[in-house]
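See structure below.
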Amino acid sequence: MSTPVLDYRFAPDGERSRLLDRKSHAMLADSLEHIQARAGQVFEVPGQLSSLIAHIRSGHRFSPVCFGLYYQLALALMDDRLDDARAIAARMSQVSPARVSLQLIALGELADEDVKLYQTLMDTDPQMSFAMLTPTLAMTSVFRERYQAAFGLMQTAMPTLAHEISGLIREICMVSGDSDACYQFDGGSSYMLWGGLFLNIASPETDIQLIEHLAHEAAHSLLFGYSLDEALVLNEDTELFDSPLRVDPRPMDGIYHATFVSARMHWAMSQLLAFASLSDAERDHAEEAKRADIENFKAGYEVVARHGSLTATGRAVMDEAHGYMREFL
-6 MSTPVLDYRF APDGERSRLL DRKSHAMLAD SLEHIQARAG QVFEVPGQLS SLIAHIRSGH
54 RFSPVCFGLY YQLALALMDD RLDDARAIAA RMSQVSPARV SLQLIALGEL ADEDVKLYQT
114 LMDTDPQMSF AMLTPTLAMT SVFRERYQAA FGLMQTAMPT LAHEISGLIR EICMVSGDSD
174 ACYQFDGGSS YMLWGGLFLN IASPETDIQL IEHLAHEAAH SLLFGYSLDE ALVLNEDTEL
234 FDSPLRVDPR PMDGIYHATF VSARMHWAMS QLLAFASLSD AERDHAEEAK RADIENFKAG
294 YEVVARHGSL TATGRAVMDE AHGYMREFL
């Protein structure tokens, strides 16, 4: 039985994030059991898959690799690519439980096949393709120090967000982009890679900017968790609308995400200004970021309110975000 979400209150909540993580794992186990029962009729499913399911049921947590392989397995079966399905199932059966704590890892530290998996499942928009590359050792060394400082500041100024991130995210993966590419990847996450958060470590130049990036991507991950039972929006992906954060028209789901994320980023900057000791330059940046977040939320909310076909979950979540932002609009 899946674990219910307690509520959709706007403020970060570490316990809620842990509930969502347990729920996502439980649903993965349910799906694997279904695949095991059905796929066993057409090819021999590795016995270790039962062990994987048992590990999940007993409370072990797994890396984004496990979830990514599951989606690839499901797609292979739907497309009747049985040889691919066999290979993916065999690989999945070898996945070990993840570390309990949140870990910071460079893309190049992963096995080559896991790097390819991450690159494939993150770069899924043919209209906005990007490169997600391995950063240099020098870059990762500098970023690790910045991350420790920024996350420490977050734990002091906004501990609830730090706890939420620790509950939702299993891996923060350090990547770099292609400087010659038309579109630069700053950071991202994917529902197919539950527990993964990807950051271009060349993008945030200060601790404050890194906190913005973390708040941004964690908000997307939270929305993925809210979508486990039902979608947030019912609009078709072919319906395109003006987006507050992109120059090109986007589907409603993307605009919904951007709108909620803008509110969360405003909250994060407000917490910093209220509870952290900041330099004048840091304070100016946080104030400027708040103003931009307000404008982005206003633009996005107008589109969602006018054109969005929201589910009950989607409405509840957006109402909470709007309730928080109302006094600033």
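Residue 146 in our numbering sits at position 153 of the sequence shown; the count goes up by one each step and never skips.
Virtual Cβ for every residue (Gly too), placed ideally from N, Cα, C.
This one's a predicted model, so the numbers in the text were calculated from it and none came from an experiment.
Query raised in the report: So what's PRO(-3) in DSSP terms, helix, strand or just coil?
Result: As a position in the sequence shown, residue -3 is number 4, starting the count at 1. Residue confidence for PRO(-3) is low, a pLDDT of 49 falling below 50, so the modelled location carries little weight; the figure read from the coordinates is stated next. DSSP places PRO(-3) in coil when its eight states are reduced to three.
Query raised in the report: In terms of residue numbering, what span does the beta strand (DSSP E) encompassing LEU190 cover?
Result: One-based indexing of the sequence shown puts residue 190 at position 197. Counting along the chain, the beta strand (DSSP E) containing LEU190 begins and ends at 189 to 193.
Query raised in the report: To the nearest whole angstrom, what separates the beta carbons of ALA274 and MET262, a pair I think is in contact under 8 Å?
Result: For the purposes of this step, residue 274 is taken as residue 281 along the sequence shown, with counting starting at 1. For the purposes of this step, residue 262 is taken as residue 269 along the sequence shown, with counting starting at 1. Not really, about 14 Å apart at Cβ, beyond 8 Å.
Report task. Evaluate THR306 with the Cβ neighbour count: other Cβ atoms within 10 Å of its Cβ, from every protein chain shown; 16 or more gives buried, anything less gives exposed. Result -> For the purposes of this step, residue 306 is taken as residue 313 along the sequence shown, with counting starting at 1. The residue is buried, with at least 16 neighbouring Cβ atoms inside 10 Å.
Query raised in the report: Quick one: what's got a C-beta closer than 7 Å to ARG257's C-beta in the same chain, skipping five residues either side?
Result: The residue you call residue 257 lines up with position 264 of the sequence shown. Cβ neighbours of ARG257 beyond the five flanking positions: ALA208, ALA212.
Query - Among ARG92, SER94, ILE28, nearest to ALA82 - alpha-carbon criterion - result: Stepping through the sequence shown from its first residue, residue 82 is reached at position 89. Of the listed residues, the one whose Cα sits closest to ALA82 is ILE28.
Query raised in the report: Would you say ILE287 faces chain B, with C-beta separation under 8 Å as the test?
Result: No chain B appears in this structure, which consists of one protein chain only.
Query raised in the report: Going by alpha carbons, who is nearest to ALA150 out of LEU95, HIS48, ILE204?
Result: On the sequence shown, residue 150 is found 157 positions in, with the first residue counted as 1. Ranking the options by Cα distance to ALA150, first place goes to ILE204.
Report task. Pull up the DSSP beta-bridge partners for SER98, would you. Result -> The residue you call residue 98 lines up with position 105 of the sequence shown. Sequence check: residue 98 is Ile here, not Ser. Bridge partners of ILE98: CYS166.
Query raised in the report: If ILE162 and SER214 are in contact, beta carbons under 8 Å, what's the gap, nearest whole angstrom?
Result: Here residue 162 refers to the residue found at position 169 of the sequence shown. Here residue 214 refers to the residue found at position 221 of the sequence shown. Right, the Cβ-Cβ distance comes to about 6 Å (below 8 Å), so this counts as a contact.
Query raised in the report: How many Å lie between SER270 and GLU198 at the Cα?
Result: For this step, residue 270 is matched to residue 277 along the sequence shown. For this step, residue 198 is matched to residue 205 along the sequence shown. Distance between the alpha carbons of SER270 and GLU198 is about 18 Å.
**Report entry** Endpoints, the alpha helix (DSSP H) within which SER331 is located
**Finding:** A question about residue 331 goes unanswered here, because the residues of the chain that appear run from -6 up to 322.
Query raised in the report: Got a sec? Which residues, its chain only, sit under 6 Å from SER10 by beta carbon, not counting five neighbours each side?
Result: As a first step, residue 10 is located in the sequence shown; it is residue number 17 there, counting from the start. Closer than 6 Å at Cβ, skipping near neighbours: GLU157, GLY160, LEU161.
Query - Alpha carbon of MET147 to alpha carbon of GLU138, nearest angstrom - result: Numbered from 1 along the sequence shown, position 154 holds the residue referred to as residue 147. Numbered from 1 along the sequence shown, position 145 holds the residue referred to as residue 138. For MET147 and GLU138, the distance between alpha carbons rounds to 14 Å.
Query raised in the report: Since GLU313 contacts ARG74 with CB under 8 Å, what's their CB separation in whole angstroms?
Result: Looking up residue 313 in the sequence shown gives position 320. Looking up residue 74 in the sequence shown gives position 81. No, GLU313 and ARG74 are not in contact; Cβ-Cβ is about 42 Å, not under 8 Å.
Report task. State buried or exposed for ALA131, treating a residue as buried only when at least 16 other CB atoms are found within 10 Å of its CB. Result -> Counting from one through the sequence shown, the residue named residue 131 turns up at place 138. When all chains shown are included, ALA131 counts as exposed.
**Report entry** Delimiting residues of the alpha helix (DSSP H) encompassing SER263
**Finding:** Start at 1 with the first residue of the sequence shown, and residue 263 comes out as number 270. Counting along the chain, the alpha helix (DSSP H) containing SER263 begins and ends at 245 to 268.
Query - Three-way DSSP call (helix, strand, coil) for PHE234 in this model - result: On the sequence shown, residue 234 is found 241 positions in, with the first residue counted as 1. Note: PHE234 maps to strand in three-state DSSP.
Query raised in the report: Could you give the distance in angstroms between the alpha-carbon of SER17 and the alpha-carbon of LEU190?
Result: By 1-based counting over the sequence shown, the position of residue 17 is 24. By 1-based counting over the sequence shown, the position of residue 190 is 197. Between SER17 and LEU190, the C-alpha separation is close to 16 Å.
**Report entry** Nonlocal neighbours in the same chain, by C-beta distance under 6 Å from MET311, ignoring five residues either side
**Finding:** In the sequence shown, residue 311 corresponds to position 318, counting from 1. Hits under 6 Å: none found.
Query raised in the report: Would GLY316 pass as a contact of VAL226 if the rule is Cβ separation under 8 Å?
Result: In the sequence shown, counting from the first residue as 1, residue 316 sits at position 323. In the sequence shown, counting from the first residue as 1, residue 226 sits at position 233. Not in contact: GLY316 and VAL226 (Cβ atoms no closer than 8 Å).
Query raised in the report: In whole angstroms, what is the alpha-carbon distance linking ASP6 and THR153?
Result: Reading the sequence shown from its first residue, position 13 is the one you call residue 6. Reading the sequence shown from its first residue, position 160 is the one you call residue 153. Distance between the alpha carbons of ASP6 and THR153 is about 6 Å.
Requested in this report: Quickly, what does DSSP pair ALA181 with across the bridge? List them, please.
Outcome: Reading the sequence shown from its first residue, position 188 is the one you call residue 181. Note on identity: in this sequence residue 181 is Gly, with Ala being the wrong assignment. According to DSSP, GLY181 bridges with PHE191.
Requested in this report: Would you kindly work out how many angstroms separate the C-alpha atoms of ASP200 and ASP235, rounded to a whole number?
Outcome: Numbered from its first residue, the sequence shown carries residue 200 at position 207. Numbered from its first residue, the sequence shown carries residue 235 at position 242. When rounded, the distance between both Cα atoms is 31 Å.
Query raised in the report: Closest by CA to MET185, which one among ILE287, PRO57, MET71?
Result: To locate residue 185, count along the sequence shown from 1; it is residue 192. The option with the nearest alpha carbon to MET185 is PRO57.
Report task. Quick one: grab the DSSP three-state call for LEU126. Result -> As a working mapping, residue 126 is identified with position 133 in the sequence shown. Here LEU126 sits in strand by DSSP.
Requested in this report: Below 6 Å CB to CB, which residues in the same chain sit around GLY218 once its five sequence neighbours on both sides are set aside?
Outcome: Counted from its first residue, the sequence shown places residue 218 at position 225. Counting only Cβ-Cβ distances below 6 Å, and skipping sequence neighbours, we find LEU13.
Requested in this report: Classify VAL58 as helix, strand or coil using the three-state DSSP reduction.
Outcome: The residue you call residue 58 lines up with position 65 of the sequence shown. Residue state, collapsed to three classes: helix.
Query raised in the report: Which partner residues of LEU303 appear in the DSSP bridge assignment?
Result: Taking the first residue of the sequence shown as 1, we reach residue 303 at position 310. Per DSSP, VAL226.
Report task. Below 7 Å CB to CB, which residues in the same chain sit around SER134 once its five sequence neighbours on both sides are set aside? Result -> Here residue 134 refers to the residue found at position 141 when the sequence shown is read from its first residue. The answer is none, since no qualifying residue turns up.
Query - Neighbourhood of THR127 by C-beta, 6 Å cutoff - its chain only, sequence neighbours within 5 removed - result: Numbered from its first residue, the sequence shown carries residue 127 at position 134. Same-chain partners within the cutoff: LEU100, GLY101.
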